[in-house]
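Protein chains in written order, with this note's numbering: chain A, 180 to 666; chain B, 68 to 156.
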């Protein structure tokens with residue numbers, strides 16, 4: 180089973196990882212870029228084999244992709260596509276070793292990458308809050324609706340409700356409407372004041388304001404109403420989605436009695452923000468800190484170094500901040516990783532770049548303040564609502580673990596109920612189980628500590644035992660000093 | 068147009084599509100029943116995170132339809148429960 184040796188390994192080919200890979204290669208490093216998808220671009224610039232649907236800010240992607248292709252052609256960059264890191268180890272003062280499972284026709288094969296420095300840029304996935312019927316086929320994440328459209332040109336449905344909170348709802352709703360889906364409504368659980376505050380904070384980012392105006396104009400053209408303080412609180416259908424119940428919310432997101440209405444639709448695209456993919460960083464022992472949304476994020480210095488020598492991080496894993504911020508962080512981390520791999524101290528960032536990063540981080544923080552997930556949403560759950568989709572654990576099971584068995588934290592709930600023990604390892608239900616547990620315990624959710632407890636996954640993804648068996652676990656011998664003579 | 072078999076019926080797909088995208092485009096919304104409640108499941112996260120879209124491909128269960136590339140004549144079947152008659156939970 181082959182081991183590829185390089186100076187810098189980058190995990191994730193989204194905005195942060197792709198930027199890190201090209202800048203590290205330009206700094207003279209030999210780079211291996213490991214990514215789960217068939218094509219680079221990440222979720223943000225997901226596209227089909229022929230380019231697919233127009234993506235957000237596609238000119239920016241074309242420029243980055245051109246630099247990726249240059250680096251590939253120069254031989255300084257190797258791109259391992261359809262490859263997932265399932266374990267990574269960093270020996271003190273030694274190389275970082277990433278164990279990889281690659282998808283090939285008819286199965287998987289193992290690979291190992293050994294690097295002088297590692298840049299973690301694994302990105303994030305949608306956070307979805309459960310509601311009765313959210314496991315019906317036709318209820319999807321907003322990211323799934325985007326992925327179907329951007330990569331495959333497939334409409335998620337013919338009549339859509341887009342619901343949740345945050346600025347991501349707008350591009351999803353407009354993309355669906357532009358592609359021909361009848362978007363019946365957008366239900367934003369937050370209030371308008373949040374939006375106003377958020378966009379005011381965008382004053383330093385004119386492009387964000389332009390984006391907001393463009394989405395607004397497109398929604399108006401397609402006559403898509405945006406209902407503030409509204410949420411999808413139930414989904415209905417026999418074996419597929421036929422309608423949803425929408426309710427008005429109070430300021431804590433508790434559904435208001437007597438305000439429900441039923442909306443016919445064949446797809447509900449839901450997103451309540453994003454969850455960073457922390458498992459590799461946690462496994463390596465990287466120090467964490469509350470991100471701009473209060474959830475755990477990897478702590479990094481000005482150039483992206485984590486607390487673990489040789490390991491850097493960029494993009495959403497360092498705090499959910501969006502693609503523009505990820506591009507800047509990725510470029511800084513790529514340059515720094517090339518220096519680290521060469522045994523040099525990385526240069527501090529150029530003051531203009533550092534200022535640009537700060538401005539974007541402030542905008543991200545303002546958007547999070549404008550779209551907090553309030554704790555009253557658990558009020559729309561029923562005892563029979565599925566909380567953990569993999570293990571089919573009901574909300575009542577989680578509540579009983581607290582009220583009958585004495586659990587007070589999500590990790591104990593997991594051990595008692597199996598919530599979060601299934602295939603996805605709590606990636607989907609983790610935030611919800613934490614919130615339901617806190618609610619049943621009668622305390623406020625601690626978005627940092629409660630989520631950190633369920634985010635550790637020593638083996639990052641389910642992996643066939645055959646891959647584990649052939650993993651190259653032997654540490655490589657120390658470099659042989661050049662003796663200058665015969666051997 | 069190329070096609071693969073889903074439970075014995077042809078499903079067309081475009082070059083580069085995943086099994087999940089092709090099934091969805093063909094109007095099919097579920098291709099798994101859960102282990103305990105027997106509930107139907109299909110695409111949910113669409114990006115390989117949630118494992119809801121598990122399906123049996125070429126006799127192997129637990130393949131993620133949202134990641135598996137569609138291929139000519141691929142044998143795709145609904146996954147019942149754990150997907151193995153000899154591995155009941």
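All residues carry an ideal CB built from backbone N, CA and C; glycine is no exception.
It should be emphasised that the depicted structure is a prediction, and the values quoted were computed from it without experimental measurement.
Next item on the list: Look at residue 494 of chain A and residue 219 of chain A and say whether their C-beta atoms are less than 9 Å apart.
Entry: By 1-based counting over the first chain, the position of residue 494 of chain A is 315. By 1-based counting over the first chain, the position of residue 219 of chain A is 40. No, they are not a contact pair.
Check: Using the beta-carbon count (16 or more within 10 Å), is residue 146 of chain B buried or exposed?
Finding: Translated into positions along the second chain, residue 146 of chain B becomes position 79. The residue is buried, with at least 16 neighbouring Cβ atoms inside 10 Å.
Notebook entry, point to check: When the distance is taken between beta carbons, is residue 264 of chain A closer than 9 Å to residue 190 of chain A?
Noted result: Translated into positions along the first chain, residue 190 of chain A becomes position 11. Translated into positions along the first chain, residue 264 of chain A becomes position 85. With a cutoff of 9 Å on beta-carbon distance, residue 190 of chain A and residue 264 of chain A are scored as near each other.
Notebook entry, point to check: So what's residue 140 of chain B in DSSP terms, helix, strand or just coil?
Noted result: Along the second chain, one-based indexing puts residue 140 of chain B at 73. Of the three classes helix, strand and coil, the one that applies to residue 140 of chain B here is coil, per DSSP.
Notebook entry, point to check: Do the segment 79-94 of chain B and the segment 316-336 of chain A touch if we need at least three Cβ pairs shorter than 8 Å?
Noted result: yes
Next item on the list: Would you please verify whether the beta carbon of residue 402 of chain A is less than 9 Å from any beta carbon of chain B?
Entry: One-based indexing of the first chain puts residue 402 of chain A at position 223. It does not; no Cβ of chain B falls within 9 Å.
Next item on the list: Answer with yes or no whether the minimum CB distance from residue 279 of chain A to chain B is below 9 Å.
Entry: Position 100 of the first chain, counted from the first residue, corresponds to residue 279 of chain A. By this cut-off, residue 279 of chain A is not an interface position.
Notebook entry, point to check: The alpha helix (DSSP H) with residue 352 of chain A in it runs from where to where?
Noted result: The count along the first chain starts at 1 and reaches residue 352 of chain A at position 173. Where residue 352 of chain A is concerned, the enclosing alpha helix (DSSP H) stretches over 348-358.
Next item on the list: Under 8 Å between beta-carbons, which chain B residues line up against residue 636 of chain A? List them in chain order, please.
Entry: One-based indexing of the first chain puts residue 636 of chain A at position 457. Within chain B, no residue comes near residue 636 of chain A; the closest Cβ sits about 12 Å away, beyond 8 Å.
Notebook entry, point to check: Exposed or buried, what is residue 450 of chain A when buried is set at 16 or more other beta-carbons lying within 10 Å of its beta-carbon?
Noted result: Numbered from 1 along the first chain, position 271 holds the residue referred to as residue 450 of chain A. Buried, because 16 or more other Cβ atoms sit within 10 Å of the Cβ of residue 450 of chain A.
Notebook entry, point to check: To which residues of the same chain is residue 355 of chain A closer than 8 Å at the C-beta, ignoring the five residues directly before and after it?
Noted result: Along the first chain, read from residue 1 onward, the residue named residue 355 of chain A stands at position 176. 324, 328, 334, 335, 339, 341, 362 and 448, listed in sequence order.
Check: Taking the continuous alpha helix (DSSP H) assigned at residue 590 of chain A, which residues delimit it?
Finding: For this step, residue 590 of chain A is matched to residue 411 along the first chain. 589-596 is the span of the alpha helix (DSSP H), which, as asked, contains residue 590 of chain A.
Notebook entry, point to check: What is the DSSP secondary structure of residue 422 of chain A, counted as helix, strand or coil?
Noted result: Within the first chain, numbered from 1, the residue matching residue 422 of chain A stands at position 243. Looking at residue 422 of chain A - three-state DSSP - the assignment turns out to be strand.
Check: Which bits of chain B does residue 224 of chain A rub up against, with CB to CB less than 9 Å?
Finding: Here residue 224 of chain A is taken as the residue at index 45 of the first chain, counted from 1. Within 9 Å Cβ-Cβ: nothing; residue 224 of chain A doesn't reach chain B, min ~13 Å.
Next item on the list: Just mark residue 238 of chain A as buried or exposed, buried being the case when its beta carbon has 16 or more other beta carbons within 10 Å.
Entry: As a working note, residue 238 of chain A is residue 59 in the first chain. With fewer than 16 neighbouring CB atoms inside 10 Å of its own CB, residue 238 of chain A falls in the exposed class.
Checklist line | As assigned by DSSP and simplified to three states, the class of residue 118 of chain B | finding: In the second chain, residue 118 of chain B corresponds to position 51, counting from 1. If DSSP states are grouped into helix, strand and coil, residue 118 of chain B belongs with coil.
Checklist line | 8 Å contact criterion, which residue 426 of chain A and residue 412 of chain A should meet: CB distance rounded | finding: Along the first chain, read from residue 1 onward, the residue named residue 426 of chain A stands at position 247. Along the first chain, read from residue 1 onward, the residue named residue 412 of chain A stands at position 233. Yes, they are in contact, since the Cβ atoms of residue 426 of chain A and residue 412 of chain A sit about 5 Å apart, within 8 Å.
Next item on the list: Leaving out five residues on either side along the sequence, give the residues of the same chain with a beta carbon under 6 Å from the beta carbon of residue 93 of chain B.
Entry: For this step, residue 93 of chain B is matched to residue 26 along the second chain. Here the set comprises 78.
Next item on the list: Show which residues of chain B have a CB atom less than 7 Å away from the CB atom of residue 320 of chain A.
Entry: Here residue 320 of chain A refers to the residue found at position 141 of the first chain. Simply 111, 112 and 113.
Margin query: Strictly below 7 Å CB to CB, what residues from chain A border residue 96 of chain B?
Written below: One-based indexing of the second chain puts residue 96 of chain B at position 29. Here the neighbours are 316, 317 and 419.
Next item on the list: Kindly indicate which three-state DSSP category residue 91 of chain B falls into: helix, strand or coil?
Entry: Mapped onto the second chain, residue 91 of chain B falls at position 24. It is helical.
Item checked: residue 139 of chain B, buried or exposed, once every other Cβ within 10 Å from all chains shown has been counted against 16 -> Walking along the second chain from the start, residue 139 of chain B turns up at place 72. Classification of residue 139 of chain B: exposed, given that the 10 Å Cβ count is below 16.
Note to self: Which residues of the segment 459-476 of chain A have a Cβ closer than 8 Å to any Cβ of chain B? Give them in chain order.
What the structure shows: So nothing in the stretch comes that close.
Next item on the list: Under 6 Å Cβ to Cβ from residue 204 of chain A, same chain only, skipping five residues before and after it: list those, please.
Entry: Working through the first chain from its first residue, we reach residue 204 of chain A at position 25. Hits under 6 Å: 210, 250, 255 and 256.
Margin query: With three or more C-beta pairs closer than 8 Å as the rule, is the segment 520-529 of chain A touching the segment 384-398 of chain A?
Written below: Not touching, per the Cβ criterion.
Notebook entry, point to check: In terms of residues, what are the limits of the beta strand (DSSP E) holding residue 249 of chain A?
Noted result: Stepping through the first chain from its first residue, residue 249 of chain A is reached at position 70. Where residue 249 of chain A is concerned, there is no enclosing beta strand (DSSP E), although the alpha helix (DSSP H) around it starts and stops at 237-253.
Next item on the list: Identify each residue in the segment 555-570 of chain A for which the Cβ-Cβ distance to at least one residue of chain B is less than 7 Å, and report them in chain order.
Entry: 568 and 569
Checklist line | Contacting residues, own chain, Cβ-Cβ under 6 Å from residue 121 of chain B (five flanking each side not counted) | finding: Translated into positions along the second chain, residue 121 of chain B becomes position 54. Excluding sequence neighbours, residue 121 of chain B sits near 99, 129 and 146.
Check: Got a sec: which bits of the segment 599-617 of chain A sit with their beta carbon under 8 Å from any beta carbon on chain B, in order along the chain?
Finding: 601, 602, 603, 606 and 607
Next item on the list: Give the residues of chain A in contact with residue 88 of chain B, contact being defined as C-beta atoms less than 9 Å apart.
Entry: Locating residue 88 of chain B in the second chain gives position 21, counting from the first residue. Those within 9 Å of residue 88 of chain B in chain A are 326, 327, 330, 331, 332 and 333.
Margin query: Below 8 Å, how does it come out for the segment 470-486 of chain A and the segment 434-444 of chain A: are there three or more Cβ pairs, yes or no?
Written below: no
Next item on the list: Can you say whether residue 337 of chain A is buried or exposed, counting buried as having 16 or more other CB atoms within 10 angstroms of its CB?
Entry: Here residue 337 of chain A refers to the residue found at position 158 when the first chain is read from its first residue. Exposed, since its Cβ has fewer than 16 Cβ neighbours within 10 Å.
Notebook entry, point to check: Under a CB-based cut-off of 9 Å, is residue 282 of chain A close to chain B?
Noted result: Numbered from 1 along the first chain, position 103 holds the residue referred to as residue 282 of chain A. Closer than 9 Å to some Cβ of chain B, the Cβ of residue 282 of chain A qualifies, so yes.
Next item on the list: Would you mind sorting residue 546 of chain A into buried or exposed? The rule is 16 or more other CB atoms within 10 Å of its CB.
Entry: To locate residue 546 of chain A, count along the first chain from 1; it is residue 367. Residue 546 of chain A comes out buried.
Next item on the list: Flag residue 321 of chain A as yes when its Cβ comes closer than 8 Å to any non-hydrogen atom of the ligand ADP, and as no otherwise.
Entry: The ligand ADP is absent from the structure shown, which contains no ligand whatsoever.
Notebook entry, point to check: Got a sec: which bits of the segment 495-514 of chain A sit with their beta carbon under 8 Å from any beta carbon on chain E, in order along the chain?
Noted result: No chain E is part of this structure, whose protein chains are labelled A and B.
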